[in-house]
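First up is the structure itself, then whatever we jot down about it.
Protein chains: 2
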Amino acid sequence: MRKKDNSDSYFMQKALNLAKRTKGFTSPNPIVGAVIVKNNKIISSGYHKAAGKPHAEVEAIRKIDKQSLKGASLYINLEPCSHFGLTSPCVDEIIKHKLKQVVISVPDPNPKVNGTSIRKLRKAGIKVSLGLLKNEALRANEVFFKNMLKRSTFVTAKVAQSLDGKIATAKGISKWITSKNSRDFAKSLRDEHDAILVGINTVIKDDPLLKGNKRNPFKVIIDPSLRIKPNSKILKNNPKKVIIFAAKSSKKKAKNIKPGVRVFFLDKNKDSTLSLSKILKILFKLGIMSVFVEGGSFTLGRFFDEKLIDKMHFFISTKIIAGKDALGSISGVGAKNPNFCSKLGDLKIEKIDQDLHIWGYPSY
Amino acid sequence: MRKKDNSDSYFMQKALNLAKRTKGFTSPNPIVGAVIVKNNKIISSGYHKAAGKPHAEVEAIRKIDKQSLKGASLYINLEPCSHFGLTSPCVDEIIKHKLKQVVISVPDPNPKVNGTSIRKLRKAGIKVSLGLLKNEALRANEVFFKNMLKRSTFVTAKVAQSLDGKIATAKGISKWITSKNSRDFAKSLRDEHDAILVGINTVIKDDPLLKGNKRNPFKVIIDPSLRIKPNSKILKNNPKKVIIFAAKSSKKKAKNIKPGVRVFFLDKNKDSTLSLSKILKILFKLGIMSVFVEGGSFTLGRFFDEKLIDKMHFFISTKIIAGKDALGSISGVGAKNPNFCSKLGDLKIEKIDQDLHIWGYPSY
């Protein structure tokens, strides 16, 4: 249903749409959009463009004169900040300019904020309402909420498979299963993440660059035996953007790795794999707030086995690869029982050419 | 778009909807619905209920008085018959009752008809128009058209899989991946077919009855080594409905098979399988006009390898089974190259609970 263009929901939707423009570009900050309304008309708006740049509400406030702001309402998808970070507290700006009302979707989960701004605004006599388009606002900042509440990196994964769940033929040919537009869209999802993660097999087989469309995220490679070739495109392109996780037992091979590349050496699991949760902990410490797992099948399987995926994108073509020895999209140990296996919730479906793009949130 | 309730398309849609009521129940005949219209109003209608029962147009004609029929228009999804079969030629009934116009979706592909009725009607001064809702009419009688034009059985296949293309866990547990409603719907598709076909592994593993909801179709089992257990439910339930295909080398085991069961012995292929195209030829000779292949993975893979599937239903749940050793939905040799593999065309998608039902027509 289209929202009436003078309803609260309409204004909040505008704020959310502004916020979404910079999805992925504000890390480690949330995405925030703000709309200032007076006499049922939008008189200013702004959004947070990147960490260190003005916050959305400040951007909106600074665009117009003091007189207009007096008695106006601010719509914002996240509670304004109350702490001195790279910018001064937004809440003080709002109070200073005598706004009448602040409509907020969700409180800021940052323990430094978490309701303090709301209380401060109310104390200053400003009307505050909470919860409008709450679910959409939570989803828009799903990365930030996980970062703040769980102190860990948000993990998105992607597969591009045939209708029957294959990502390569029996002979290993995988190009291409989905359409050019599907692949371009999948590439644009990289822009929303701080890092792209793949297993070493994908690097050896495809020799990918793993660039985004507008952004060049970190590339994380899980390579227990340090098999990566020094002339891999991914190393040549921008070694400072590469982070490799290897087993301690492979330390002596490290001399082959290009300078600039960061290599972390971990203990091996019994099955010679590395602990994904340890890897994610290190990534979080490195300031990588979101990671986009692009496979291959083995790596994705391990992420599922360890129940670490927060959000999952399937790109499914109408092709049928079939084949006993063709590679399935997600390996690993897999579920023990279909009645107790992971399941995508809050499912969305769209068509891209003939392909289906299905995404949702696994529950385990 | 809703069709206007006095348009030609509206009346033809009514005829088609009537026809579809008996999908599967008229074999080897087509499904046909007829609507008689006078002064833009439906004055009678009918549909073909089963082979040997009156044809749709005759049913519609007999329901009303001669006087009303004069000058009326008949809407029918298939060309009326002109030959004496189990009923007398419909075309003569139409001429006798002085209808003014006959609107037909598609000519009857039966070489005994194939336009002769249309010519006969025109010669009698009745206006005939052709092609209205042609595509829908062709799909509605896709079984009949294949039977007539290719002299072979129409093959539909079905899989019920997880989002990642698995039909069982690594330990072989397959119950249940899709929802009760999805499974019930899949069961109702059995009613549309003359026979259900499975490989012996499915019989041994699941011991199924393979009944429809309203119909008890033939059960075709591909069992080269004649491994079927005499106490299988499928044999006990109604042996006369069971047709087994075995290798000639298994002839001596035939004494264990219940009386009434038909067993055909074929030469083995080099890889010890039986030729599916030979099996389909025998089924066609037995009067089985359509077969519903329900798997398992091995059997479906062979059907895909031999490019024998005309129509394919996928029931896809939101579950993720994963697992290197979990069973993929379609085995066989599989495609050599994703750029030249089979692809579902004319795709339709619907939701059943949380599951997706996706169906279409493979091109090879």
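Residue numbers (the working numbering), protein chains in the order written: chain A, -7 to 356; chain B, -7 to 356. From the three backbone atoms N, C-alpha and C, an ideal C-beta is built for every residue, glycine too. Remember, predicted model here, so these are calculated numbers, not experimental data.
| Item | Value |
| --- | --- |
| From residue 181 of chain A to residue 204 of chain A, what distance separates their C-alpha atoms? | 8 Å |
| With C-beta atoms as the reference, is residue 153 of chain B less than 8 Å away from residue 35 of chain B? | no |
| Could you compute how far the alpha carbon of residue 109 of chain B sits from the alpha carbon of residue 189 of chain B? | 37 Å |
| What is the C-beta distance between residue 427 of chain A and residue 326 of chain A, in whole angstroms, given that I count them as a contact (C-beta under 8 Å)? | Because chain A is modelled from -7 through 356, residue 427 of chain A falls outside the range shown and cannot be assessed. |
| Tell me, please, which residues DSSP counts as bridged to residue 119 of chain B. | B:93 |
| By the DSSP assignment, the beta strand (DSSP E) with residue 288 of chain B in it spans what residues? | Residue 288 of chain B -> no beta strand (DSSP E), and no H or E assigned at all. |
| Work out the CA separation of residue 191 of chain A and residue 412 of chain A for me, nearest whole Å. | No answer is possible for residue 412 of chain A: the residues shown for chain A start at -7 and end at 356. |
| Could you check whether the Cβ of residue 333 of chain A sits closer than 8 Å to any Cβ belonging to chain B? | yes |
| How about residue 293 of chain B and residue 15 of chain A: do their beta carbons lie closer than 8 Å? | no |
| Rounded to the nearest angstrom, what separates residue 353 of chain B and residue 11 of chain A at their Cα positions? | 43 Å |
| Just reading off the alpha helix (DSSP H) that residue 139 of chain B is part of, what are its end residues? | 134 to 142 |
| Who are the Cβ neighbours of residue 255 of chain B in its own chain at under 7 Å, not counting the five residues just before and after it? | 236, 238, 246, 249 |
| Determine whether the Cβ of residue 314 of chain B lies closer than 8 Å to any Cβ atom of chain A. | yes |
| Determine, using beta carbons only, whether residue 261 of chain B comes closer than 8 Å to chain A. | no |
| From the DSSP output, read off the bridge partner residues of residue 39 of chain A. | A:25 |
| Is there a Cβ from chain A that is less than 8 Å from the Cβ of residue 167 of chain B? | yes |
| Helix or strand or just coil, what does DSSP make of residue 330 of chain B? | helix |
| Keeping to the same chain, check which residues put their C-beta closer than 7 Å to that of residue 219 of chain A; ignore five residues upstream and five downstream. | 192, 196 |
| How would you list, in chain order, the residues of chain A whose beta-carbon sits under 7 Å from the beta-carbon of residue 324 of chain B? | 314, 315, 316 |
| Got a sec: is the Cβ-Cβ distance from residue 124 of chain B to anything in chain A below 8 Å? | no |
| Going by C-alpha distance, which of B:350, B:355, B:-4 is nearest residue 174 of chain B? | B:350 |
| From the DSSP output, read off the bridge partner residues of residue 200 of chain B. | Residue 200 of chain B pairs with nothing; no bridge assigned. |
| For residue 318 of chain B, which of helix, strand or coil comes out of DSSP? | coil |
| Enumerate in chain order the residues of its own chain whose CB-to-CB distance from residue 241 of chain B is below 7 Å, with the five nearest sequence positions on each side excluded. | 260 |
| State the start and end residues of the unbroken beta strand (DSSP E) segment that holds residue 150 of chain A. | 146 to 153 |
| Hey, out of A:244, A:-1, A:299, whose CA is closest to residue 382 of chain A's CA? | Residue 382 of chain A lies beyond the stretch modelled for chain A, which goes from -7 to 356, so this question has no answer here. |
| Taking the straight line between their C-alpha atoms, what separation do you get for residue 302 of chain B and residue 147 of chain B? | 5 Å |
| In the DSSP assignment, what residue or residues form a beta bridge with residue 231 of chain A? | Residue 231 of chain A is not bridged to any residue. |
| In the segment 340 to 353 of chain B, which residues sit with their C-beta less than 9 Å from some C-beta in chain A, listed in chain order? | 341, 343, 346, 348, 350, 352 |
| Using CA coordinates, which residue listed in A:141, A:38, A:94, A:100 is at the minimum distance from residue 62 of chain A? | A:94 |
| Could you check where the beta strand (DSSP E) with residue 211 of chain B kicks off and where it finishes? | 210 to 214 |
| Less than 8 Å between the beta carbons of residue 226 of chain A and residue 200 of chain A, yes or no? | yes |
| Using 8 Å as the limit for Cβ to Cβ distance, is residue 284 of chain B near chain A? | no |
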